[in-house]
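Undergrad: In UniProt numbering, the protein residues as written are 1 to 204.
We put the CB at the ideal spot given by N, CA and C, even for glycine.
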């Protein structure tokens, strides 16, 4: 137990970096869990705006399309701008996604939101394993990766709980705040040692 506690103290920057990335993972989980409560509202009686069953099926299915695009974008950004900057950029599509949810007055807004949240999801799964692998000690690497993965079901669960109890706009605002917290803190985290070696900054 003492050995484990000592390892946690020694490696706390790596745990902290992973927890920050997990904020984005939770935000993406919220986007996944968003559909169940709100599609039922939008296709039911007295919605804020009407969504047909066909439009609802498009809203539900556009996230995987965005995820495909995000995986391609993520692989390209990893090559040219490095893992840390790539992981940071994954937050931008989520910001667009939640703004669309907040401002939504028609199904088109939701289409755009789902595509952008899918892009963020595809990018994070392409980029974060490499970033965590580069900054983490081998002894805790698996735990750090699992921590981020678990952010998705946690966010989905929270979304399913929040959704039936608040308007869609408030759901989007809360989710946007979580994403902005990630975007505000993550830039202050260091690049990986591999990044510094690759850019001939070995003194850092």
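Specify, as a first and last residue, the run of the alpha helix (DSSP H) that residue 108 falls within.
TA: Taken as a continuous stretch (DSSP letters only), the alpha helix (DSSP H) holding residue 108 covers 107 to 135.
Undergrad: Assign residue 164 to one of three DSSP states: helix, strand, or coil.
TA: In the structure shown, residue 164 sits in a helix (DSSP, three-state: H, G or I).
Undergrad: Leaving aside the five residues before and after residue 189 along the sequence, list all residues of the same chain whose C-beta is less than 6 Å from its C-beta, in chain order.
TA: These residues qualify, in order along the chain: 17.
Undergrad: By how many angstroms is the C-alpha of residue 160 removed from the C-alpha of residue 36?
TA: Using only the alpha carbons, I get a separation of about 7 Å.
Undergrad: How is the alpha helix (DSSP H) around residue 50 delimited, first residue to last?
TA: Looking at the DSSP string, residue 50 is not in any alpha helix (DSSP H), and its letter there is neither H nor E.
Undergrad: Output needed for residue 59: all residues of its chain with C-beta closer than 8 Å, excluding positions within five of it in sequence on either side, in chain order.
TA: Closer than 8 Å at Cβ, skipping near neighbours: 35, 39, 51, 107, 110, 111, 114.
Undergrad: Could you tell me the distance, in whole angstroms, from the CA atom of residue 83 to the CA atom of residue 184?
TA: When rounded, the distance between both Cα atoms is 17 Å.
Undergrad: Can you name, in chain order, every residue of its own chain whose Cβ lies under 7 Å from the Cβ of residue 47, other than the five neighbours on each side?
TA: Same-chain partners within the cutoff: 41.
Undergrad: For residue 182, which residues in the same chain have their Cβ closer than 8 Å to its Cβ, ignoring the five residues on either side in sequence?
TA: 20, 21, 23, 24, 27, 91.
Undergrad: When we look at the beta-carbon of residue 152 and count the other beta-carbons within 10 Å, is it buried (16 or more) or exposed?
TA: By the 10 Å Cβ count, residue 152 comes out buried.
Undergrad: Can you tell me whether residue 72 is buried or exposed, with buried defined as 16 or more other CB within 10 angstroms of its CB?
TA: Exposed, since its Cβ has fewer than 16 Cβ neighbours within 10 Å.
Undergrad: Does DSSP put residue 139 in a helix, a strand or coil?
TA: Note: residue 139 maps to coil in three-state DSSP.
Undergrad: Run through DSSP, which three-state label would residue 104 get?
TA: Coil at residue 104, not helix or strand.
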